[in-house]
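Report on the structure given below.
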Amino acid sequence: MNELSQKVPGTAASAESSTPRQDFGRSLPSEIQTFIARPGPQSLLVRGPPGSGKTTLGLALLGAFPGRRILVTNRVSRAELVDDFPWVRLGVADSTQVIDASDRQRGLAEAAMAVHELPKVFREETAKEVSDFMWLPEAVQEAYSLIDSNRPAMVIIDSWDALVEDFMASGPSDHLNSPERQDVERLLLSFMRRSEVTLVLILERDVPTQLDYLVNAAVTTDRVLVDGRLERWLYLPKLRGQRIETPSYPFSLEGSKFRSVPPFRFGKAHTEGRQSAEIMGEPPPEPMVDRVWPGCIDFAMAFGMFEAGTTTVLETDPEVPNSLTQVLVDPPAVQTLLAGGRVLLIPPPGTRPNDIYQPYRAILSAEKLADQLRIFSVAGTEGVAEEAQPVMLPLPRGPGFRTDPIFHAAFEFIRQEGPANVPNLIVRTTGGERALAQVLGLPVTPENFATIAAAYVANLRSHQIVIGTIGDPLLLSLNDLGSIRLQLRARQGRYFLNGLRPFTPSYVITEGDQVCPYRLMRMV
Amino acid sequence: MHEPAEMPAEPPSPSLPVVGVAVRDPNVREVLLALIRLNRMQVRGFDGSSPQVEVGPPAPGDSLLVGYFVSNEDAEYFADALRITGGPPSIALVPRDADDRLAEKVARQVTKVVRLPENSQAIADAIRDQLVTTVASSKNSNRPPLTGSRDSV
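Residue numbers (this note's numbering), protein chains in the order written: chain A, 1 to 524; chain B, 1 to 153.
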């Protein structure tokens, strides 16, 4: 698969060399982009269990911030930071001041003793501000000293829990006025609010504290296993003074970079009819031999390619719209047609054949489509243009019809071979099959469905994609047949695609680009 | 992904002048470090029986050295620190009740003397003013700037 990525420009691997700074802003949820663009002082909590992506999120925040950037770190040393996040060198490091607080720093007891000596140095009445400042951990003091009062700054403390607990642990002090943790936190916010500072405190504790009430915003990160697959989620419980359009975002840490996924928005494909550029997908990196190119490098890298003589089963949540499965199916269909192969489609009921035909027609000539494409639909041929009539497999109407010629026509069509080594492609939906069966008066059962499915690919140079809802008995009947078995689920406005066979991580379907109508982001 | 929120890149931070705090008394040293940081100046601390860099990168080149003197040992310690840092301008903080001979000796050793206790802002201003003067004169004399830079990755 790495070979694939090297051959196709614009893929994840080839993107490594692109400028990362432009990625920082867009990789963050829009609400957070807006938050960090607001003038300071601002304060943000980032809370989550270990390994949930807090540090990477913090670095993404730094990367997207336009002013002075200061990182106080005691969880990851400076050296580890560079080792673990090599991209930091390119985008963040040029103007980020890193304060490595991983070594033991002076604590509360030392601060108390020093405060006790203040009268040696200052007149009593002027010592209050300095004494307050001395109750802050040394690394925070150092960060404060780096703030330029004339420029906005972002200060990230990773992690505040570790830093303040280490600071407090050096006590108990016998100094009567030693502060408690919440006092230190109030002082921290008080000092940072003197300037245009966006303060980000990364927390490991999962328990809301006084800080949650004092800060302007809070986000939480989490990592969960769903059917053995990792998912990461970011939640936005609080953004003061700002409307939260989307309260949760899945995100990935692929390449040690933070990338969140906004809700999937269908482009023109959904609202104005599918556009040619959106459905074509990207060309194969090399000529396909006895394989159907999925039309998207991300898909090929995640699940492989469609082998001739085999079946791919795609199970979907009922919440997944047909238009989304169409987004996945169009690219391999168009690529098959472009390569000279034949395509047979049995769309779900309710699909107008013309809506399928027209986008293909924008790419290929009517003659080529008449030769290479067939659409088998209960919607019939009403409203279909004259030139498209040869593409439609007509349904018999009226009494005394025979079903055999129709299926015969379908089989004969797909049996015809195109150019050497170019397989044909069959895309069937269980909904479409049932609708056809009802019109034709033929029962469709798991038994005969499996038989028909096997017949489509047996001894034929074709690949078959069968689409249905999760748990559909017709799909279950193909359990022994599906060489690739995929599951497509909807959650919180996003669509997760993962392989049951072969077992793969979860991928989130993201909006496409000029090259492909969709992209896949691996959840790592 | 979302529409990009393009942020103009800020140029790398220039090297900043650094104040060295060469004070034997750890508590007074903490107080002065806090004062200087509170006033947003870069600071480096020294520790040990002979001056060793405790805070910040161990390199000569401090733009200004601040000391606190209550004994001859303090004066010797400070002299060592001056030598390590290449003899930058310096400010001595001397308690009003300190021995007169010590105060005179220190006055010969440093650029400016501040008697304690003093208003915190007055001390900070004295340090800042001396720092500005030092940096300006080093630029005018084409002398290599006495600067230190924070670590960046």
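Cβ coordinates follow ideal geometry from the N, Cα and C atoms, glycine included. Values in this document were obtained by computation on a predicted structure and should not be read as measured data.
- In this structure, A:ILE465 is the residue among A:ASP161, A:ILE465 and A:THR469 with its C-alpha nearest to the C-alpha of SER483 (chain A).
- For the pair LEU65 (chain B) and GLY20 (chain B), the CB atoms are nearer than the 8 Å cut-off.
- DSSP, reduced to helix, strand and coil, places ASN424 (chain A) within a strand of the structure shown.
- Excluding the 5 residues flanking it on each side, SER159 (chain A) has same chain C-beta neighbours closer than 6 Å at ARG75, ILE202 and GLU204, in chain order.
- DSSP places ALA153 (chain A) within a strand segment (E or B) once states are collapsed to three.
- Closest in C-alpha terms to THR312 (chain A), from the list A:GLY499, A:ALA109 and A:LEU199, comes A:GLY499.
- Its Cα nearest to that of GLY48 (chain A), the residue A:VAL224 stands out among A:ALA79, A:ILE426 and A:VAL224.
- Membership of PHE35 (chain A) in any beta strand (DSSP E) is not indicated; the residue belongs instead to the alpha helix (DSSP H) covering 30-37.
- Interface annotation, SER77 (chain A): not in contact with chain B, CB-CB separation never under 8 Å.
- A residue is called buried when at least 16 other Cβ atoms come within 10 angstroms of its Cβ; SER71 (chain B) does not meet this threshold and is exposed.
- In this structure, PRO250 (chain A) and LEU236 (chain A) do not form a Cβ contact; the two beta carbons are roughly 13 Å apart against a cut-off of 8 Å.
- Residues of chain B whose Cβ lies closer than 8 Å to the Cβ of TYR144 (chain A) are, in chain order, ARG37, LEU38 and ARG40.
- Within chain B, no C-beta atom comes nearer than 8 Å to that of LYS257 (chain A); the closest sits roughly 12 Å away.
- For ALA127 (chain A), there is no enclosing alpha helix (DSSP H), as DSSP marks it with neither H nor E.
- Counting along the chain, THR430 (chain A) sits inside the alpha helix (DSSP H) bounded by residues 430-440.
- Counting along the chain, MET521 (chain A) sits inside the beta strand (DSSP E) bounded by residues 518-522.
- Assignment of TRP160 (chain A) by DSSP, reduced to helix, strand and coil, places it in the helix class.
- DSSP, read as helix, strand or coil, puts GLN42 (chain B) in strand.
- At a cut-off of 8 Å, the C-beta of GLN141 (chain A) has a neighbouring C-beta in chain B.
- Residues of the same chain with a CB within less than 7 Å of the CB of PHE413 (chain A), apart from the 5 flanking positions on each side, are ARG342, LEU344 and ARG374 in chain order.
- With fewer than 16 other beta carbons inside 10 angstroms of its own, LEU442 (chain A) counts as exposed.
- Excluding its 5 nearest sequence neighbours in each direction, ASN424 (chain A) has C-beta neighbours in its own chain below 6 Å: GLY341, ARG342, ILE414 and SER462, listed in chain order.
- Residues of the region 106-127 of chain A whose Cβ lies closer than 9 Å to any Cβ of chain B, in chain order: ARG106, GLU110, ALA111, MET113, ALA114, VAL115, HIS116, GLU117, LEU118, PRO119, LYS120, VAL121, PHE122, ARG123, GLU124, GLU125, THR126 and ALA127.
- Of all residues in the region 115-133 of chain B, only LEU116, PRO117, GLU118, ASN119, SER120 and GLN121 come within less than 7 Å of chain A when Cβ atoms are compared, listed by chain position.
- At least one C-beta of chain A is nearer than 8 Å to the C-beta of PRO95 (chain B).
- Of the candidates A:ASP161, A:PHE191 and A:SER102, A:PHE191 places its Cα closest to the Cα of GLY40 (chain A).
- Beta-bridge analysis with DSSP links MET392 (chain A) to A:ILE375.
- Inclusion of PRO347 (chain A) and GLY295 (chain A) in the CB contact set at 8 Å is not warranted, their separation being larger than that value.
- Neighbourhood of GLU104 (chain B) in chain A, by CB distance below 8 Å: empty, with the nearest CB roughly 21 Å away.
- In the DSSP assignment, no residue is bridged to SER52 (chain A).
- Excluding sequence positions up to five before and after ALA454 (chain A), its CB lies within less than 7 Å of the CB of LEU481, all in the same chain and listed in chain order.
- When secondary structure is reduced to three states using DSSP, GLU231 (chain A) falls in the strand class.
- Listed as beta-bridge partners of LYS112 (chain B) by DSSP are B:ILE91.
- ASP129 (chain B) has its alpha-carbon roughly 25 Å from the corresponding atom of VAL140 (chain A).
- Put simply, the region 118-127 of chain B does not touch the region 69-83 of chain B. Fewer than three CB pairs are less than 8 Å apart.
- The straight-line gap separating the alpha-carbon atoms of SER477 (chain A) and GLY468 (chain A) is approximately 12 Å.
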